[in-house]
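Residue numbers (the numbering used here): 241 to 637. Everything below concerns the one structure shown next.
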Amino acid sequence: MDISQTDEVRRTIQDMFEQILTQENLILSRTERERLFESIVAEILGFGPLEPLLADETVSEIMVNGPDKVFVERKGKLVPSRVQFEGNEHVLKVIDRIVSPLGRRIDESSPLVDARLPDGSRVNAIIPPLALNGPTLTIRKFEKDPLTVDDLVRFGSVTPEVAEFLKACVVSRLNIVVSGGTGSGKTTLLNILSSFIPTDERIITVENAAELQLRQEHVVTLESRPPNIEGKGEVSIRDLVVNTLRMRPDRIVVGECRAGETLDMLQAMNTGHDGSLTTAHSNSPRDTLSRLETMCLMAGMDLPIRAIREQIASAVDLIVHQTRMRDGSRKIVNVTEVQGMEGDVIVMSDIFAFEQQGIENGIIVGRLKATGIRPKFIDQIEASGIHLPANIFGARF
241 MDISQTDEVR
251 RTIQDMFEQI
261 LTQENLILSR
271 TERERLFESI
281 VAEILGFGPL
291 EPLLADETVS
301 EIMVNGPDKV
311 FVERKGKLVP
321 SRVQFEGNEH
331 VLKVIDRIVS
341 PLGRRIDESS
351 PLVDARLPDG
361 SRVNAIIPPL
371 ALNGPTLTIR
381 KFEKDPLTVD
391 DLVRFGSVTP
401 EVAEFLKACV
411 VSRLNIVVSG
421 GTGSGKTTLL
431 NILSSFIPTD
441 ERIITVENAA
451 ELQLRQEHVV
461 TLESRPPNIE
471 GKGEVSIRDL
481 VVNTLRMRPD
491 RIVVGECRAG
501 ETLDMLQAMN
511 TGHDGSLTTA
521 HSNSPRDTLS
531 RLETMCLMAG
541 MDLPIRAIRE
551 QIASAVDLIV
561 HQTRMRDGSR
571 KIVNVTEVQG
581 MEGDVIVMSD
591 IFAFEQQGIE
601 NGIIVGRLKA
611 TGIRPKFIDQ
621 IEASGIHLPA
631 NIFGARF
């Protein structure tokens with residue numbers, strides 16, 4: 241429905257609303273009248289009780305755990321909302337209204353949906369029998385104005401020196417994995433790192449649900465597709481990663497490695513597609529390597545662990561680990577070089593690490609500091625014509 245049609249429907253609703261108030265002889269204050277009218281419009285044209293939350297720019301995520309249990313994320317912290325539904329049927333109706341225009345359905349035979357709204361917001365819905373306490377809905381809102389590296393510096397998520405270093409790593413075509421837990425800001429950081437890719441390079445992005453917002457001109461965006469109701473037509477992330485190799489990419493950016501596509505990504509990194517970027521769920525840089533190993537095994541190839549580790553050690557240059565802190569802030573806490581193999585172990589070394597200095601008024605105070613270790617790939621950075629400040633790696637450099 242376009243804007244003109246929406247306005248026409250809204251005027252029709254307004255006329256009917258006024259008629260009903262007159263017929264029923266209902267006397268309402270101006271505020272009550274406006275509130276009631278907007279709630280009716282939201283039910284008919286929008287997503288019911290969720291409309292004010294979707295319009296609230298301070299809300300980054302909406303979580304419906306039940307009719308009277310709606311939570312939102314504001315400034316990194318989860319807080320309860322006053323929004324309520326009439327009951328589980330009302331929640332189901334809103335979920336169906338969200339997913340139906342996307343060509344998806346949700347019912348007992350297909351009780352789980354992961355989709356993307358037209359504005360880019362990420363939607364996940366799960367209903368009984370999988371959700372035991374009733375239908376559940378999660379919406380991660382799409383940033384209309386994506387954050388920049390200057391925003392991260394202003395928020396204290398990264399220092400100017402580390403931001404300069406990370407930009408140098410991207411421009412000089414190092415392979416980078418952004419790691420962290422759920423909600424730690426991995427996709428946001430990946431988007432910022434990808435923004436450093438030179439404008440004359442061809443970028444292919446592969447995502448489960450398109451969230452990256454790259455501003456370069458030469459960008460091709462690919463999105464996986466789930467199977468249809470008959471279980472056919474699926475196009476997986478792995479299918480897309482393999483296909484990117486035939487598309488003459490200068491850079492491959494995979495929104496998140498979750499399974500067997502990890503092996504294909506590593507092989508691409510090792511066969512001339514340097515400068516690739518991706519994210520992975522993990523609790524630390526070392527844990528990231530373990531996760532990559534596990535996901536490679538999910539590819540179904542009968543490879544020994546040592547062979548997988550050699551693939552990882554030769555493919556990945558840098559791990560940037562991000563954490564959502566207890567105060568709700570998101571910070572880069574490790575910038576770690578993958579240095580190669582020693583025996584059966586992958587050798588890693590922190591170049592920068594976050595040092596917490598205390599807590600003031602509930603806010604974590606600390607700084608990302610250089611460890612004094614000069615990365616082995618500094619020659620590759622300098623060969624790209626980039627010369628970082630001599631003291632950027634700390635006193636021991």
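Even for Gly, the Cβ is constructed at its ideal location relative to N, Cα and C. This structure is a prediction, so every number in the text was calculated from the model and none was measured.
Inset, instruction - Mark A623 as exposed unless 16 or more other C-beta atoms lie within 10 angstroms of its C-beta, in which case mark it buried. - result: Of the residues assessed, A623 falls on the exposed side of the cut-off, its CB having fewer than 16 other CB atoms within 10 angstroms.
Legend entry - M303 (DSSP reduced to helix, strand or coil): In the structure shown, M303 sits in a strand (DSSP, three-state: E or B).
Legend entry - Cβ contact (3+ pairs, closer than 8 Å) linking the stretch 376-386 and the stretch 354-364: Contact holds: three or more Cβ-Cβ distances are below 8 Å.
Inset, instruction - Look at R488 and I443 and say whether their C-beta atoms are less than 7 Å apart. - result: No, they are not a contact pair.
Legend entry - Unbroken stretches of the beta strand (DSSP E), 3 residues or longer, contained in the stretch 500-540: Segments of the beta strand (DSSP E) lying fully in the stretch 500-540: 517-521.
Legend entry - Per-residue DSSP class, three states only, for I548: Helix, per DSSP.
Legend entry - Nonlocal neighbours in the same chain, by C-beta distance under 6 Å from E533, ignoring five residues either side: Contacts found: I548.
Legend entry - Contacting residues, own chain, Cβ-Cβ under 8 Å from S530 (five flanking each side not counted): Within its own chain, the residues whose Cβ lies closer than 8 Å to the Cβ of S530, once the five positions on either side in sequence are excluded, are S522, listed in chain order.
Inset, instruction - Measure the CB-CB distance between T528 and A539 and report whether it falls below 7 Å. - result: Cβ distance not < 7 Å, so T528 and A539 don't count as in contact.
Inset, instruction - Note down the Cα distance separating N468 from G316, rounded to an integer number of angstroms. - result: G316 has its alpha-carbon roughly 35 Å from the corresponding atom of N468.
Inset, instruction - Look at the alpha carbon of F637 and the alpha carbon of R614, and state the distance between them as a whole number of angstroms. - result: Residue placement at F637 is poorly supported in this model, since its pLDDT is 38, which falls under 50; the coordinates are not used for a value here.
Legend entry - Cutoff 8 Å; reference P368; Cβ partners in own chain excluding five residues on either side: Close CB contacts of P368 within its chain, under the 8 Å cut and outside five residues either way in sequence, are with E348, P351, G374 and P375 (chain order).
Inset, instruction - Would you mind reading off the limits of the beta strand (DSSP E) that contains I379? - result: Looking at the DSSP string, the run of the beta strand (DSSP E) that includes I379 is T376 to R380.
Inset, instruction - Please determine, among L276, P292 and R270, the residue with the shortest C-alpha to C-alpha distance to F257. - result: With distances taken between Cα atoms, F257 lies closest to L276.
Inset, instruction - Please state whether DSSP places P358 in a helix, a strand or coil. - result: Note: P358 maps to coil in three-state DSSP.
Inset, instruction - Could you check which residue in T563, Q263 and N483 has the C-alpha nearest to that of L608? - result: The shortest Cα separation from L608 among T563, Q263 and N483 belongs to T563.
Legend entry - Exposed unless 16 or more other CB atoms sit within 10 angstroms - verdict on E272: By the neighbour-count rule (16 or more Cβ atoms within 10 Å), E272 is not buried but exposed.
Inset, instruction - Leaving aside the five residues before and after E441 along the sequence, list all residues of the same chain whose C-beta is less than 6 Å from its C-beta, in chain order. - result: Taking C-beta separations shorter than 6 Å and ignoring five residues to either side along the sequence, the partners of E441 in its chain run D490 and R491, following chain order.
Inset, instruction - Look at the Cβ atom of L558, then the Cβ atom of I432, and state whether they are nearer than 7 Å. - result: If you check the CB distance, L558 and I432 do not come in under 7 Å.
Inset, instruction - For G580, write down the residues that DSSP places opposite it in a beta bridge. - result: Paired residue(s): V587.
Inset, instruction - Please report how far the alpha carbon of D296 lies from the alpha carbon of K407, in whole angstroms. - result: Distance between the alpha carbons of D296 and K407 is about 33 Å.
Inset, instruction - Label G327 either buried or exposed according to how many other C-beta atoms from any shown protein chain fall within 10 Å of its C-beta, with 16 as the threshold for buried. - result: Of the other Cβ atoms in all chains shown, fewer than 16 fall within 10 Å of the Cβ of G327; this residue is therefore exposed.
Inset, instruction - For N601, count neighbouring C-beta atoms within 10 Å of its own C-beta (all shown protein chains included) and say buried if the count is 16 or more, exposed if not. - result: When all chains shown are included, N601 counts as exposed.
Inset, instruction - May I have the straight-line CA-CA distance separating A403 from L429, to the nearest angstrom? - result: Their backbone Cα atoms lie some 11 Å apart in a straight line.
Inset, instruction - Can you give me the Cβ contacts of S269 inside the same chain, cut-off strictly under 8 Å, excluding the 5 residues immediately before and after it? - result: There are no such residues.
Inset, instruction - Check K384 in the structure and name its three-state DSSP category. - result: The answer is coil: DSSP assigns K384 none of H, G, I, E or B.
Legend entry - Euclidean distance between Cα positions of T422 and I572: Straight-line Cα distance between these residues: approximately 14 Å.
Legend entry - Any non-hydrogen atom of the ligand COA within 6 Å of I613 CB: Only the bare structure without any ligand can be found here, which leaves the ligand COA out of the picture.
Inset, instruction - Identify every residue that forms a DSSP beta bridge with E313. - result: According to DSSP, which records beta bridges pairwise, E313 is partnered with E301 and L318.
Inset, instruction - Any chance you could list the beta strand (DSSP E) runs of at least 3 consecutive residues sitting entirely within the stretch 379-438, in chain order? - result: Counting only runs of 3 or more, we get 416-420.
Legend entry - Beta-ladder partner(s) of H561, from DSSP: Partner(s): S419 and N574.
Legend entry - For G625 and I618, the rounded distance between their alpha carbons: Cα to Cα, the separation comes out at about 11 Å.
Legend entry - N- and C-terminal bounds of the alpha helix (DSSP H) containing E447: Careful: E447 lies outside any alpha helix (DSSP H), inside the beta strand (DSSP E) at I443 to E447.
Inset, instruction - Using DSSP bridges, identify the partner residues of F594. - result: According to DSSP, F594 bridges with L608.
Legend entry - Contacts around D255, its chain only, beta-carbon distance under 8 Å, and the 5 residues preceding and following it disregarded: In the same chain as D255, and ignoring 5 residues on each side of it, no C-beta atom comes closer than 8 Å to its own.
Inset, instruction - Figure out for me which residue from P289, V587, S397 and L342 has the closest Cα to the Cα of Q596. - result: Nearest option by C-alpha distance: S397.
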